[in-house]
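Student:
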Amino acid sequence: MNWLKLLLVSVWLGAWQADAGCEGPPSFEFDQRIPNGERAKLSRWLGEAAWAVADLAGQHPAPCARIRVYDGGRGRGAVPWAQIDRGAREGIRFYVDYRLPLNTLRSDWTAMHEFSHLLIPFPGNDQPWFSEGLASYLQYLLMARADILSPDEAIKRLDRGFRRGVDDDAHGDIALETLSREMWRRHAYRRVYWSGAAYFLAVDTELRRRGKGSLTQVLGQFVACCRQQNRHWTVDSLVQAFDRLSGTTLFTDTRAMMMPQTRFPDLSRPYEYLGLVRTDAGLTLNSGSPWRERRQRLVADVAPPALSTLSR
306 MNWLKLLLVS VWLGAWQADA GCEGPPSFEF DQRIPNGERA KLSRWLGEAA
356 WAVADLAGQH PAPCARIRVY DGGRGRGAVP WAQIDRGARE GIRFYVDYRL
406 PLNTLRSDWT AMHEFSHLLI PFPGNDQPWF SEGLASYLQY LLMARADILS
456 PDEAIKRLDR GFRRGVDDDA HGDIALETLS REMWRRHAYR RVYWSGAAYF
506 LAVDTELRRR GKGSLTQVLG QFVACCRQQN RHWTVDSLVQ AFDRLSGTTL
556 FTDTRAMMMP QTRFPDLSRP YEYLGLVRTD AGLTLNSGSP WRERRQRLVA
606 DVAPPALSTL SR
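Residue numbers in the sequence shown follow the working numbering, run continuously in steps of one, and reach 617 at the last position.
#1: Going by DSSP, what residue range makes up the beta strand (DSSP E) through Thr584?
#2: When you compare the region 460-480 with the region 523-537, are there three or more beta-carbon pairs, one atom per stretch, that lie closer than 8 Å?
#3: Taking buried to mean at least 16 other C-beta atoms within 10 Å of its own C-beta, is Glu395 buried or exposed?
#4: With a threshold of 8 Å, are at least 3 pairs of Cβ atoms found where one atom belongs to the region 380-387 and the other to the region 354-367?
#5: Using alpha carbons as the reference points, say which of Ile389, Gly429, Arg338 lies closest to Tyr403.
#6: With H, G and I counted as helix, E and B as strand and the rest as coil, what does DSSP make of Thr553?
#7: Where does the unbroken beta strand (DSSP E) through Gln601 begin, and where does it stop?
#8: Helix, strand or coil for Ala611, going by three-state DSSP, please let me know.
#9: Report yes if the C-beta distance between Leu454 and Met417 is below 7 Å; otherwise report no.
#10: For a quick check, are the C-beta atoms of Val523 and Ser551 less than 7 Å apart?
#11: Contact between the region 539-558 and the region 472-482: three or more CB pairs below 8 Å?
#12: Rounded to whole angstroms, how far is the Cβ of Thr557 from the Cβ of Val544, which I believe are closer than 8 Å?
#13: By a C-beta neighbour count over all protein chains shown, 10 Å radius and 16 as the cutoff for buried, is Glu598 buried or exposed?
#14: Excluding the 5 residues preceding and the 5 following Asp413 in the sequence, name in chain order all residues of the same chain whose CB lies nearer than 8 Å to its CB.
#15: Please state whether DSSP places Leu443 in a helix, a strand or coil.
#16: Please indicate yes or no: does the CB of Asp478 lie closer than 6 Å to some heavy atom of the ligand PLP?
#17: Compare the C-beta of Asn430 with all C-beta atoms of chain D and state if any pair is closer than 7 Å.
#18: Judging by CA-CA distance, which residue of Phe333, Arg495, Gln364 is the nearest neighbour of Arg349?
#19: Would you give the residue range spanned by the alpha helix (DSSP H) that Gly501 belongs to?
#20: Helix or strand or just coil, what does DSSP make of Tyr403?
#21: Count the other CB atoms, across all protein chains shown, that sit within 10 Å of the CB of Trp489; report buried if there are 16 or more and exposed otherwise.
#22: Closer than 7 Å by C-beta to Phe505: which residues in its own chain qualify, once you throw out the five before and the five after it? Chain order, please.
#23: Classify Gln388 as buried or exposed, calling it buried when 16 or more other Cβ atoms lie within 10 Å of its own Cβ.
#24: For the beta strand (DSSP E) that contains Trp538, what are its first and last residues?
#25: Just confirm the distance between the C-beta atoms of Arg600 and Asp452, as a whole number of angstroms; I'd bet it's less than 8 Å.
#26: If we count the other Cβ atoms within 10 Å of its Cβ and call it buried at 16 or more, is Ala393 buried or exposed?
#27: For Asp474, report the span of its alpha helix (DSSP H) as first-last.
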């Protein structure tokens with residue numbers, strides 16, 4: 306996202322905060338300890354993340370989301386802590402170091418991660434690999450869509466995340482399905498989060514390989530048709546809905562293959578599709594065709610809609 310677009314986003318955010326009816330876009334509330342002079346900067350930063358997710362989905366996935374911003378103190382990173390609020394009115398709580406400059410805030414992945422959670426309803430606490438995996442998979446791709454990262458840098462950061470999942474091997478021969486349920490007790494966050502992200506990379510690249518669209522298209526269709534249905538969603542029902550929307554069984558089949566695994570998922574097939582080669586020296590990205598084009602399309606799946614279409 307260039308600075309002209311960022312300026313438009315800040316204007317758009319002003320319209321959000323003035324809209325008492327709140328028919329769709331998020332509203333922002335600030336901790337009184339955050340000076341008034343810092344709030345426009347924070348709104349611009351978080352609004353860019355909200356815009357990126359709305360751009361990906363084609364509309365705001367969680368109407369009237371309540372974004373609360375607190376002083377997280379200094380010296381613990383841009384966002385020491387953030388939390389999704391699930392309830393009658395969904396939202397996100399951000400604890401931030403408001404003293405940091407805008408460029409430093411934009412370079413942090415947390416805002417993209419947290420807003421990605423709003424693309425799907427809460428599927429329960431028993432299988433966090435799914436919701437956390439989706440947000441982990443999308444966070445760097447969304448940063449590239451917003452011109453914060455290049456497409457290749459987003460891929461490299463995804464790979465580093467997968468490597469953190471591989472290196473998180475202190476949990477014995479435990480199947481992912483079991484480890485996901487016991488994630489908090491075992492502190493298996495990296496293995497669970499990045500195994501979930503590997504699932505979405507595998508499905509996304511296989512959809513593209515087969516000419517069945519993309520994860521972006523499935524998410525956009527889901528937000529349009531089903532996100533606001535008044536029903537209890539589980540990982541099972543979300544996987545079934547994604548299969549139905551994609552016209553495949555890829556979400557179910559890939560899940561069935563990965564859940565019993567006791568080691569990090571094998572990414573050789575999606576890496577081959579994207580022209581990625583991992584060696585002891587690091588990650589190599591094949592610069593030839595069609596691999597470079599595939600990586601670019603993974604990030605920029607569709608042309609961004611006009612801002613006016615997002616504010617409806």
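Note that beta-carbon positions come from the ideal geometry of N, C-alpha and C, so glycine has one too.
Tutor: Let me spell this out:
#1: 581-584
#2: no
#3: buried
#4: no
#5: Arg338
#6: coil
#7: That residue, Gln601, is in no beta strand (DSSP E); its alpha helix (DSSP H) goes 596-604.
#8: Interpretation of Ala611 is limited by its pLDDT of 34, a score under 50 that renders its predicted location unreliable; the figure taken from the coordinates is listed afterwards. Ala611: coil per DSSP, three-state reduction.
#9: no
#10: yes
#11: no
#12: 6 Å
#13: exposed
#14: Gly382, Ala383, Val384
#15: helix
#16: The ligand PLP is absent from the structure shown, which contains no ligands of any kind.
#17: The structure shown has no chain D; it contains just one protein chain.
#18: Phe333
#19: 494-514
#20: coil
#21: exposed
#22: Gly438, Leu439, Tyr442, Leu520
#23: exposed
#24: Counting along the chain, Trp538 falls outside any beta strand (DSSP E), and DSSP gives it neither H nor E.
#25: Actually they are not in contact, since the Cβ atoms of Arg600 and Asp452 sit about 16 Å apart, beyond 8 Å.
#26: exposed
#27: That residue, Asp474, is in no alpha helix (DSSP H); it is neither H nor E in DSSP.
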